[in-house]
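Its first residue numbered 2, the sequence shown is counted upward by one per residue in my numbering. Quick reminder that beta carbons are idealized off the backbone N, C-alpha and C, glycines included. Following: one structure in C-alpha cells, then a few remarks.
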Amino acid sequence: MKKIIVTATALVAAAAFTLTGCSSERGGDTGGGTSTEASKGFAADATIGVALPDKTSENWVLAGQLFTDGLEKAGFKADVQYAPASNTVAEQQNQIQAMVTGGAKVIIIGAKDGKQLATQVEDAQSKGVTVIAYDRLIENTKAVDYYVAFDNFKVGELQGQALLDGLKERSGHDAPWNIELFSGSPDDANSKVFFDGAMSVLKPEIEKGDLKVVSGQTEIAQTATDGWKAENAQRRMDSLLTSSYGTETLDGVLSPNDTLARAIITSVQGAGKPVPVVTGQDSEVESVKSIMEGIQYSTINKDTTLLVEQSIKMVQQLQKGEKVDVNDTESYDNGVKVVPAFLLKPIIVTKANAAEAYANVPSLLEIVKSYQ
Ligand code: BGC
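Right, dumping it as C-alpha cells:
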C-alpha cells in the first residue's frame with residue numbers, strides 16, 4: 002500500500018471530492034472511479050438487511066439509526082439487527098441467516114468476526130442476495146460483493162503521524178520519546194490494517210531510535226485489545242506502567258480508537274502520572290471534549306452519516322440494476338479475492354483543526370465552539 006501523508010486541509014478537500022463519487026489515491030485509480038457489472042435489479046420496496054456488531058463505539062450505535070431511517074426514506078423495508086454483547090458471533094450468524102430466509106435482496110454487514118461469516122454469506126449469495134461488507138471486511142470467502150469503508154490504512158497512517166506531531170508539540174523535549182502501542186480486537190480485520198498504517202510511520206522512527214517502546218511490545222499480538230473493550234486496554238496500561246514506567250516517563254501512546262484512548266488516559270491519571278500524547282479514532286463526544294480540554298491529543302473524523310449514505314447509494318444502484326460505484330479495486334484482499342471497495346477519506350482531528358474538521362458535522366462543531 003502506498004504511504005500517503007497529507008495535511009488536514011488537503012484531507013478536508015479530499016473528503017469533499019470523494020463525496021462527488023470520484024477519485025482514489027490508492028490502487029492507482031486517479032480517474033473517475035470505476036463501476037462494477039450491473040445486476041438485474043429488484044423491487045423498489047424490497048427488504049434490505051443490515052447486520053451490525055455489538056455497540057463497541059458510538060459510530061455503531063449511530064449507524065443503526067441512520068440505516069433504519071435512510072433505507073425507509075429510500076422506499077425499502079429495513080431489517081436492522083445488532084449482535085448482542087455476549088455470544089455475538091453465533092447470534093450474528095443467525096441474524097444473517099434469518100435475513101436470507103426472510104427474502105432480503107441486499108445484506109449489509111458490519112462483521113463481529115469477519116473470519117466467521119463465510120457459510121452465511123455464501124448461502125446468501127447462492128440465493129441471489131448481494132453482500133456488502135460495511136466498515137469491516139469479511140474474510141476468506143468469495144461471497145462478498147462490495148466493501149464500503151473509510152480508508153483504514155490511511156486511518157492508521159494519520160494516527161501514527163499525529164502521535165509524532167503531538168510528541169514534538171507537547172512533550173517539552175526533543176527525541177527520543179518513550180511510547181507504547183495499542184491495537185484493536187484481533188477478530189476485527191480492521192485492527193491489523195490500522196496497526197500496519199500506523200507502523201508504516203512509526204517503525205522507521207523506532208529503528209532510528211527517536212521512538213522507544215519501553216516495554217518492548219511492538220508486535221500486534223502483544224498490543225491487541227480483545228473485543229475492543231475499554232477495561233482490557235485499561236488493564237494493559239496499568240500493567241505497562243507498573244512494569245516499565247517506574248522511573249521512565251511515558252511520552253505517548255498509539256491508541257486505535259477513542260474508547261481505548263479514554264481508558265488509557267484513565268489508567269495514567271489513576272497512577273498519578275502526567276497524561277501522554279494519546280491518539281484516537283471515531284470522534285466520540287467524550288473524546289472531542291477531552292481534545293478541546295487539551296487532554297486526548299487526536300481523533301479521526303469518520304463521519305458515519307457519509308458511510309451510511311454511500312452504502313444506501315450502493316443499494317439504490319443495485320435496485321435499479323445499475324453499475325455500483327467503487328473507487329478502489331486493489332487494496333482490500335480478503336484472502337481469496339480483492340473486494341471492490343468504495344473508500345471514504347478519514348480526517349485527522351486535533352484541537353488546532355477541530356472547527357475545520359467538523360465543519361459538516363453540526364453536533365460536534367457545536368461542542369468545539371463551546372470551548373472557543
Ligand atoms: C471501526 C472503528 C471502531 C472499532 C471498534 C472498527 O472496526 O472501524 O471505527 O472504533 O471497530 O468499534
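{"Check": "C-alpha distance - Val-122 paired with Val-145, whole-angstrom precision", "Outcome": "7 Å"}
{"Check": "Own chain partners of Ala-355 with C-beta closer than 6 Å, once the 5 adjacent residues on each side are dropped", "Outcome": "Val-369"}
{"Check": "Cα-Cα separation between Pro-140 and Tyr-147, rounded to whole angstroms", "Outcome": "The sequence given here has Glu at residue 140, not Pro. Each residue's alpha carbon lies about 12 Å from the other."}
{"Check": "C-alpha distance - Thr-300 paired with Ser-244, whole-angstrom precision", "Outcome": "28 Å"}
{"Check": "Nearest candidate by alpha-carbon position, reference Asp-227, set Tyr-298, Asp-175, Leu-261 and Glu-357", "Outcome": "Leu-261"}
{"Check": "Close beta carbons around Ile-313, own chain, < 8 Å, minus the five adjacent residues each side", "Outcome": "Phe-68, Gly-71, Leu-72 and Ala-75"}
{"Check": "The stretch 167–181 contacting the stretch 303–310, beta-carbon criterion three pairs below 8 Å", "Outcome": "no"}
{"Check": "Cβ shell of Thr-89 (< 7 Å), same chain only, five flanking positions each side left out", "Outcome": "Pro-54, Asp-55 and Lys-113"}
{"Check": "Closer than 6 Å: Asn-335 CB and nearest the ligand BGC heavy atom", "Outcome": "no"}
{"Check": "Boundaries of the beta strand (DSSP E) in which Gly-253 is found, first to last residue", "Outcome": "253–255"}
{"Check": "Validate contact between the stretch 176–183 and the stretch 206–218 using beta carbons, cut 8 Å, 3 pairs", "Outcome": "yes"}
{"Check": "Pair within 7 Å by beta-carbon distance, Asp-239 and Ser-216", "Outcome": "no"}
{"Check": "Assumed close pair Leu-138, Tyr-333 - CB separation to whole angstroms, cut-off 8 Å", "Outcome": "6 Å"}
{"Check": "C-beta neighbour in chain B for Ile-97, strict 7 Å", "Outcome": "Looking at the structure shown, chain B is missing, and only one protein chain is on hand."}
{"Check": "Span separating the alpha-carbon of Gly-65 from that of Gly-336", "Outcome": "28 Å"}
{"Check": "Test item: CB-CB of Ile-109 and Val-51 under 7 Å", "Outcome": "yes"}
{"Check": "Proximity test, Ser-332 beta-carbon vs the ligand BGC heavy atom, cut-off 6 Å", "Outcome": "no"}
{"Check": "Three-state secondary structure (DSSP) of Ile-49", "Outcome": "strand"}
{"Check": "Candidates Gly-295, Tyr-246 and Val-101: closest to Ser-127 by CA position", "Outcome": "Val-101"}
{"Check": "Enclosing alpha helix (DSSP H) for Asn-179 [first to last residue]", "Outcome": "Unbroken run through Asn-179 is the beta strand (DSSP E), 178–182; no alpha helix (DSSP H)."}
{"Check": "Beta-carbon proximity list for Val-316, same chain, < 6 Å, skipping 5 on both sides", "Outcome": "Ile-49 and Val-107"}
{"Check": "For Val-340, three-class secondary structure by DSSP", "Outcome": "coil"}
{"Check": "Exposure label - Asp-326; buried when at least 16 CB within 10 Å", "Outcome": "buried"}
{"Check": "Leu-344 versus Val-156 - alpha carbon distance", "Outcome": "11 Å"}
{"Check": "Assigned exposure category for Gly-185 - 16 Cβ within 10 Å defines buried", "Outcome": "buried"}
{"Check": "For Val-145, the three-state DSSP class (helix, strand or coil)", "Outcome": "coil"}
{"Check": "Other residues of its chain near Glu-294: CB distance less than 8 Å, five sequence neighbours each side excluded", "Outcome": "Tyr-372"}
{"Check": "Leu-159 versus Thr-351: straight-line alpha-carbon distance, rounded", "Outcome": "11 Å"}
{"Check": "Rounded separation between Val-278 and Arg-171 - CA only", "Outcome": "7 Å"}
{"Check": "Cα-Cα separation, Ala-150 to Asp-283", "Outcome": "13 Å"}
{"Check": "Start and end residues, alpha helix (DSSP H) containing Val-81", "Outcome": "First-last for Val-81: 78–83, but that is the beta strand (DSSP E), not the alpha helix (DSSP H)."}
{"Check": "Spatially closest choice to Glu-220 from Asn-258, Val-62, Lys-143 and Pro-187, by CA coordinates", "Outcome": "Pro-187"}
{"Check": "Own chain partners of Gly-42 with C-beta closer than 7 Å, once the 5 adjacent residues on each side are dropped", "Outcome": "Gln-320, Lys-321 and Gly-322"}
{"Check": "The ligand BGC heavy atom lying under 6 Å from the CB of Arg-137", "Outcome": "yes"}
{"Check": "As assigned by DSSP and simplified to three states, the class of Asp-166", "Outcome": "helix"}
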